[in-house]
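Asker:
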Amino acid sequence: MSESVEEHGARRWGGEVAFAGHDSARLSILRLIQRKGEATVKELEQELGRTTTAVREQLTALQADGYITATRVKVKGELGRPYFIYALTDKGQELFPKEYGDLTNLLLEEILELDGRDKLDLLLQRVSARAGAKYAAGIDSAQHLLDRLHNLAALLSEKGLPIEVQQRGNVMTIHAASCPYFAVAQRHREICDMEQRMLGQALGSSVQLTGCVLDGNHGCDFVVGSPIELAPKPPAQSQHD
1030 MSESVEEHGA RRWGGEVAFA GHDSARLSIL RLIQRKGEAT VKELEQELGR TTTAVREQLT
1090 ALQADGYITA TRVKVKGELG RPYFIYALTD KGQELFPKEY GDLTNLLLEE ILELDGRDKL
1150 DLLLQRVSAR AGAKYAAGID SAQHLLDRLH NLAALLSEKG LPIEVQQRGN VMTIHAASCP
1210 YFAVAQRHRE ICDMEQRMLG QALGSSVQLT GCVLDGNHGC DFVVGSPIEL APKPPAQSQH
1270 D
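Under the working numbering, the first residue of the sequence shown carries the number 1030, and numbering increases by one thereafter.
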């Protein structure tokens, strides 16, 4: 299954990054900087066979989007001109393939073998509680559930995990087009329960998984809240009533 993440013109398909527009130029620069650790404009020119102007334009765009940093280096001597060294930021590093899924599977399997099912379940419960509390800190608990849900959607979108919020009458749903833990959930369905608990913790409401990509569903679907929670709040009464 391929997952796509779009952010500031960048798209990652199954771990491979590409850019809208000048994709090949930006991608080749990022790959070279990643391989070398850091690079100057002159080094990029020579290895990529591009002009100074073309390289600088792409570097400016990549820096503006937060994928690279530029460090000014002073040259000893009066005649030496300062120059910049470019390196990937954490955000830039995240554009490239990572083996988080394989590592997480190995860790979970070791915990299961060493400490048993109960300890693994407890661990995942604690992880969901901690992650849920982190998201809840950015949401006003006094808001109506629908507003809290939209705020959570915005927080998740910032992390490249967009979700769709829908409400039909007294039924509110969340639809996630892709699973951020797909490689792990394939071997450990407990991850689905963890995600369900995390969403509930973040929203301060009941959340139920009703459709899962692992069962052939197009994405993952959750029903949120109860009819009582979804009912409009009554208007505040006047002190003179």
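For each residue, glycine too, the CB sits at the ideal point set by N, CA and C.
Tell me which residue opens and which closes the alpha helix (DSSP H) that C1221 is part of.
Answerer: 1219-1232 is the extent of the alpha helix (DSSP H) around C1221.
Asker: I think A1212 touches C1221, with their Cβ atoms under 8 Å apart; what is that distance to the nearest whole Å?
Answerer: So it is not a contact: roughly 13 Å between Cβ atoms.
Asker: Compare the C-alpha of S1057 against each of E1067, L1073, T1069, G1066 and name the closest.
Answerer: L1073
Asker: Do A1068 and Y1112 come within 7 Å of each other at the CB atom, strictly closer than that value?
Answerer: no
Asker: Tell me which residues share the same chain as A1054 and place their Cβ nearer than 6 Å to its Cβ, disregarding the 5 neighbours each side in the sequence.
Answerer: So the qualifying residues of the chain are Q1087.
Asker: Taking the Cβ atom as the reference point for each residue, do D1244 and H1204 lie within a distance shorter than 7 Å?
Answerer: The Cβ atoms of D1244 and H1204 do not sit closer than 7 Å to each other.
Asker: Within its chain, find whatever has a CB closer than 8 Å to the CB of R1218; leave out the 5 residues flanking it on each side and keep chain order.
Answerer: L1243
Asker: Which of the three DSSP states, helix, strand or coil, is assigned to F1251?
Answerer: strand
Asker: If I follow the unbroken beta strand (DSSP E) through Q1195, where does it start and stop?
Answerer: 1193-1197
Asker: Inspect the CB distances between the segment 1142-1149 and the segment 1077-1085 and report whether three or more fall short of 8 Å.
Answerer: No contact exists between the segment 1142-1149 and the segment 1077-1085.
Asker: Using 8 Å as the Cβ pair cut-off and three pairs as the minimum, do the segment 1149-1169 and the segment 1224-1232 touch?
Answerer: The answer is yes - the segment 1224-1232 touches the segment 1149-1169, with three or more Cβ pairs under 8 Å.
Asker: What's the gap between the Cα of H1037 and the Cα of K1188?
Answerer: Confidence is the limiting factor: at H1037 the pLDDT is only 45, short of 50, which leaves the residue's position unreliable and the question unanswerable from this model.
Asker: Just to confirm my understanding: we take V1252, look at its own chain, exclude 5 residues before and 5 after, and list those with CB closer than 6 Å. What are they?
Answerer: T1202, Q1237, T1239
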